[in-house]
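Undergrad: When you number the sequence shown by the working numbering, it's gap-free, plus one each residue, and the end is 624.
Glycine is no exception: its CB is placed at the ideal position from the N, C-alpha and C atoms.
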Amino acid sequence: MDNNKSRESTRVLLASLTACSITLFAAMDVKAASKRFYHGRVSASVAAADSLMMKGKYADAAKYYQSAIKKNPKDVNANIGYGMALAKQFKVDGAEDQFNKALKRDPNNPGAHAGKALNMLNRLQSSSNTIRKNRDSILREAEAEAQKALDANLDIPESHYAMGMVYKEQGRLNEAANELKKAISMDSKYNDGYTGLGMIQLAQNNPGAAAANFKQSIRLNSGDWTAHYGLGQSLLTQGQTDAALKELNIAQYQFPNSWPVRLALGKAYESQGNTVAAVREYQESIRIKPENPAAYLGIANVREVRGDIEHSIAELRSGLELMPDNADLQSRIGDQSLRVEKIDDAIKAYQAVLNAQPGNARAADGLTTAYYMKANKETTGGYFGDNDFDDALAMLDRAVQMNPNDMKLRLAQAKLRSLAGEEVDLAALGTPRNDGERVSYAQALMAQNRFQEANQEIQTVLNNTNNPKQIFSFADLLLMVHDLDNAEAAYKKASTTAGGAERARRGLTQVAKNRENARKSLTLATDLSRKHMTGSAVDTFHEAVFSNPKSAEARIGLAKALENVSKPTPVQLRETAFQYRAYVALSPAMPEKEQQKFLSKATKLDDKAGKRERKMANAVAK
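(1) Assess contact between the region 440-450 and the region 542-550, defined as three or more Cβ pairs (one per stretch) separated by less than 8 Å. Is contact present?
(2) Do the region 196-207 and the region 147-162 meet, that is, are 3 or more Cβ pairs less than 8 Å apart?
(3) Which class does residue 77 belong to by DSSP, given the choice of helix, strand or coil?
(4) Look up residue 303 in the DSSP assignment and say whether it is helix, strand or coil.
(5) Please give me, in chain order, every unbroken run of the alpha helix (DSSP H) with length at least 4 that falls completely inside the region 435-488.
(6) What alpha helix (DSSP H) runs, 4 residues minimum, are completely inside the region 283-338?
(7) Work out the CA separation of residue 509 and residue 303 for me, nearest whole Å.
(8) Using only alpha-carbon positions, find the residue among 324, 585, 311 that is nearest to residue 336.
(9) Can you tell me the Cβ-Cβ gap for residue 2 and residue 298, rounded? I've got them flagged as a contact below 8 Å.
(10) Considering only residues of the same chain and omitting the five flanking positions on each side of residue 36, which have a CB-CB separation below 7 Å?
(11) Less than 7 Å between the C-beta atoms of residue 46 and residue 55, yes or no?
(12) Is the separation between the beta-carbon of residue 365 and that of residue 333 shorter than 7 Å?
(13) Going by Cα to Cα distance, which pick from 101, 367, 432 is closest to residue 415?
(14) Rounded to the nearest angstrom, how far is the Cβ of residue 481 from that of residue 491, given a contact under 8 Å?
(15) Buried or exposed: which applies to residue 129, given that a residue is buried once 16 or more other Cβ atoms fall within 10 Å of its Cβ?
(16) Following the continuous alpha helix (DSSP H) through residue 559, name the residue where it begins and the one where it ends.
(17) Quick one: Cα of residue 505 to Cα of residue 277, how far?
(18) From residue 369 to residue 215, what distance separates their C-alpha atoms?
(19) Need the endpoints of the alpha helix (DSSP H) that residue 158 sits in, please.
(20) According to the neighbour-count rule (16 or more other Cβ atoms, all chains shown, within 10 Å of its Cβ), is residue 534 buried or exposed?
(21) Pull up the distance between the alpha-carbon of residue 610 and that of residue 301, whole angstroms please.
(22) Three-state secondary structure (DSSP) at residue 111?
(23) Assign residue 403 to one of two classes, buried (16 or more other C-beta atoms within 10 Å of its C-beta) or exposed (fewer than that).
(24) Identify which residue in 392, 262, 253 has its Cα closest to the Cα of residue 421.
(25) How big is the Cα-Cα spacing for residue 589 and residue 603?
(26) At the level of alpha carbons, what is the spacing between residue 2 and residue 48?
(27) Report all residues from its chain with a CB closer than 6 Å to the CB of residue 239; omit the five preceding and five following residues, and keep chain order.
(28) Given this structure, state the Cα-to-Cα distance separating residue 235 from residue 266, to the nearest angstrom.
(29) How far does the alpha helix (DSSP H) with residue 375 in it reach, from first residue to last?
(30) If you draw a straight line from the C-alpha of residue 520 to the C-alpha of residue 212, how long is it?
(31) Return the chain-ordered list of same chain residues with a C-beta closer than 8 Å to the C-beta of residue 466, the five sequence neighbours on each side being excluded.
(32) Ignore the nearest five residues each way along the sequence and tell me which others in residue 245's own chain have a CB closer than 7 Å to its CB.
(33) Going by DSSP, what residue range makes up the alpha helix (DSSP H) through residue 272?
(34) Can you check whether the C-beta of residue 236 is within less than 7 Å of a C-beta belonging to chain B?
(35) How many angstroms separate the CA atom of residue 593 from the CA atom of residue 564?
(36) Could you tell me the alpha carbon to alpha carbon distance between residue 152 and residue 256, rounded to whole angstroms?
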């Protein structure tokens with residue numbers, strides 16, 4: 003579970019940091035830049051514009067650059083400065099035009115090449131499907147421009163900065179960091195170098211080092227909103243929420259139209275429990291950048307904490323309309339659909355992820371959990387013969403072939419094969435190495451009716467979990483699969499955490515509701531069985547098992563009702579055997595002689611099912 007969150011956080015950071023690349027360049031030390039790639043005489047208008055750029059007044063600076071160009075249409079320095087000002091305002095077409103004009107007159111100008119490279123990165127913020135589909139080719143073009151800047155002048159930091167930012171967007175973080183370090187070594191007062199390096203270190207999950215570089219950048223240029231954002235993000239990552247909010251609010255004041263800043267503010271407010279402010283910031287982040295999955299996930303988090311799962315799913319689906327292939331949104335829809343017992347919707351969501359990413363362990367785990375719940379709920383019990391189930395088995399077989407050492411995938415495969423009635427040796431898979439694997443292992447054990455062993459794994463995870471958010475997440479998972487005793491214990495533990503009482507109360511209320519539903523279903527099913535209304539009794543016993551899979555009374559009631567079915571199918575015979583075995587597993591105090599009686603009956607039922615299957619197969623063959 004923690005690994006998934008870590009990977010997701012890294013993806014969000016990388017996406018957020020993309021939005022900051024060109025901004026850093028536009029905010030650079032213009033006086034130093036003038037010496038490095040302004041050629042010849044610098045006009046008064048360009049000098050005045052440079053000063054405005056340093057103060058973050060980009061629109062005003064653009065007017066001065068325009069004035070310089072009107073006075074001298076061949077002023078390359080003004081073209082470069084004007085391009086930077088337009089790039090800062092995300093006017094990418096105008097910026098590119100100015101850089102191209104500069105290069106037409108001065109083909110080897112490093113500033114124009116560097117600006118053009120970073121302007122291409124800025125294009126990646128577009129909502130255009132064409133831009134998004136051509137991301138890789140745009141990055142290759144940006145790398146080529148950055149290389150031209152280096153070829154033109156290897157000894158100026160701006161060229162190394164441009165290449166470093168391109169490397170970062172390509173995911174080549176170590177190479178990116180090396181380029182930024184070169185830039186800083188060339189000019190110890192080059193604040194963009196510190197900010198860029200900090201951004202890369204954030205992406206490398208090194209918030210401490212990142213914070214040090216952001217602070218140095220702010221000392222050199224307090225007007226660098228990206229440095230304030232980066233410092234706020236690094237502090238937030240380290241749990242220093244109040245200090246993070248201070249920096250993020252400065253960044254938001256300096257540049258109100260930044261979706262990463264709004265996203266980080268949303269996370270900060272969410273961590274404080276200020277859900278109204280969190281939703282406001284997430285929505286503002288979406289307004290600026292609609293293709294922003296982290297913001298939709300953030301709003302869904304808030305809705306989920308409030309107990310409004312249906313509303314949470316609606317938020318996620320609105321994001322999915324813009325990003326139909328986003329695995330994070332699909333997986334979360336699957337998770338939350340299970341919470342409200344929309345099992346088929348969950349299966350569809352997880353399968354969509356696995357179709358695009360066959361090795362996605364989270365989706366595989368969710369898919370098998372969905373089928374475990376379906377096995378308890380539907381009349382086919384733990385045995386399936388439909389195409390969807392066969393497709394799921396094939397998906398997991400392919401995933402394990404691609405990732406043979408991924409224990410969570412192998413456990414998911416084992417869980418599904420156990421539900422299909424196959425004998426699976428879980429011991430051959432090895433011992434779980436972390437809590438995420440223990441949860442998957444416990445579910446695989448439950449699929450084999452090994453409830454006591456599963457309970458030991460669950461207790462280990464609960465004892466290991468002390469973070470309030472993780473305790474609630476675990477409690478919600480246990481409630482979702484209707485492991486009521488352990489869910490109750492988890493919510494009670496969560497209720498002792500700061501601010502957790504109300505959410506724990508809602509969880510415990512839901513546990514009690516499930517217990518009552520199970521009791522009512524069991525009572526009604528028993529009554530229906532007594533009246534020989536076998537079909538209705540079977541369905542209602544299934545409801546009782548679904549509401550509380552660890553109810554021995556529901557299991558034995560279902561087994562006996564299934565035995566009363568006239569002309570049972572092989573599937574029904576096997577499920578009857580499965581339920582008798584579950585009853586024995588859930589009755590540890592049962593005398594051994596009685597246990598053997600039920601287990602012997604289960605074996606005979608399996609044999610009977612096998613004979614009927616062979617008879618049916620022979621009939622089809624004839």
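TA: Taking the coordinates as given:
(1) no
(2) no
(3) coil
(4) helix
(5) 437-449, 453-466, 470-482
(6) 295-307, 311-324
(7) 16 Å
(8) 311
(9) Any answer about residue 2 is impossible in this case: the structure gives the chain only from 3 up to 624.
(10) Interpretation of residue 36 is limited by its pLDDT of 46, a score under 50 that renders its predicted location unreliable; the figure taken from the coordinates is listed afterwards. Closer than 7 Å at Cβ, skipping near neighbours: 44, 52.
(11) no
(12) yes
(13) 367
(14) Residue 481 to residue 491, Cβ: 11 Å. No contact.
(15) exposed
(16) 554-565
(17) 14 Å
(18) 43 Å
(19) No alpha helix (DSSP H) holds residue 158; DSSP gives it neither H nor E.
(20) exposed
(21) 53 Å
(22) coil
(23) exposed
(24) 392
(25) 16 Å
(26) What the structure shows of the chain is the stretch from 3 to 624, and residue 2 is not part of that stretch, so it cannot be assessed.
(27) 209
(28) 7 Å
(29) 363-379
(30) 53 Å
(31) 437
(32) 237
(33) 261-274
(34) Protein chains in the displayed structure number just one, and chain B is not present.
(35) 24 Å
(36) 31 Å
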